[in-house]
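K.L.:
Counting from 1 along the sequence shown, just add 9 to a position and that's the residue number in our numbering.
C-beta atoms are modelled at their ideal positions from N, C-alpha and C, and glycine is treated no differently.
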Amino acid sequence: MGDDLDPSVEENENGSPERFLSARRLVLSLGAGVIGGAAVAVLGVADVSLLVGWILATGTVLTWVWWLSWPQGPGDTKLLAEAEGDARSTDAVMLLASVASLVIVADTQIRCAGRRDALSVTAVILAVSAVVLSWALANTVFAFRYARLSYEDADGGIDF
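#1: Can you list, in chain order, the residues of its chain whose CB lies under 6 angstroms from that of Lys87, leaving out five sequence neighbours each side?
#2: If the criterion is Cβ atoms closer than 9 angstroms, does the pair Gly84 and Ala66 meet it?
#3: Could you tell me whether the Cβ atoms of Ser138 and Ile64 are closer together than 9 angstroms?
#4: Do three or more CB pairs link the segment 55–64 to the segment 106–124 at distances below 8 angstroms?
#5: Taking the CB atoms as reference points, tell me whether Trp73 and Arg125 lie closer together than 9 angstroms.
#6: To the nearest angstrom, how far is the alpha carbon of Gly82 from that of Leu158?
#7: Cβ atoms of Leu146 and Ala106: under 9 angstroms apart, would you say?
#8: With a 10 Å radius around its C-beta and 16 neighbouring C-beta atoms as the bar for buried, classify Leu52 as buried or exposed.
#9: Excluding the 5 residues flanking Gly11 on each side, which residues of the same chain have their C-beta closer than 6 angstroms to its C-beta?
#10: Is it buried or exposed for Leu8, if we count other Cβ within 10 angstroms and need 16 for buried?
#11: If you measure between the beta carbons of Val49 and Gly40, is that distance less than 9 angstroms?
#12: For Val61, name the three-state secondary structure that DSSP assigns.
#13: Measuring CA to CA, which of Val150, Gly46 and Ala47 is closest to Leu104?
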């Protein structure tokens, strides 16, 4: 670990801080979502399994990223923003997944339309949760993007 960096921040093999929105975190979070969604499908509630998987994946990545980033001071934030570098590919994947989740929400609502049972109520609650988490993920991606832009120039500001 670097002397300047908070001990909660992981380093990569080069000794520099690891990106918050890294492919590794994305894959592990998606794995949690796949396992959770598959478990729900195996339990016989396939209509909401995709929503549950998305909620678990998004909740995992958001919790992980904000747990690590929130306590950082200005110096550590600068180091981490610089480590993020040009993260367009991971950012794009997360943003596209957020948009795709809206298709999952629509599909689930169509499947449960016209039903008046506990599953349809659960589907509505899960749909709202999925939309909120997708919104939070998109805003997280942009928050880190603006942090990178803020530290890009020597004067430390963003020129709008």
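P.N.:
Inspection of the coordinates gives the following:
#1: Tyr160
#2: no
#3: For Ser138 and Ile64, yes; Cβs fall inside 9 angstroms.
#4: Output reads yes: the segment 106–124 touches the segment 55–64.
#5: no
#6: 17 angstroms
#7: Yes, these two residues count as a Cβ contact at 9 angstroms.
#8: exposed
#9: Caution is warranted here: a pLDDT of 42 is assigned to Gly11, below 50, making its placement in the model unreliable, and no coordinate value can be reported.
#10: Nothing can be reported for residue 8, as the shown portion of the chain is limited to 10 through 169.
#11: Judged by beta-carbon spacing, Gly40 lies beyond the 9 angstroms limit of Val49, meaning their Cβ atoms are not closer than that value.
#12: In the structure shown, Val61 sits in a helix (DSSP, three-state: H, G or I).
#13: Comparing Cα positions, the closest option is Val150.
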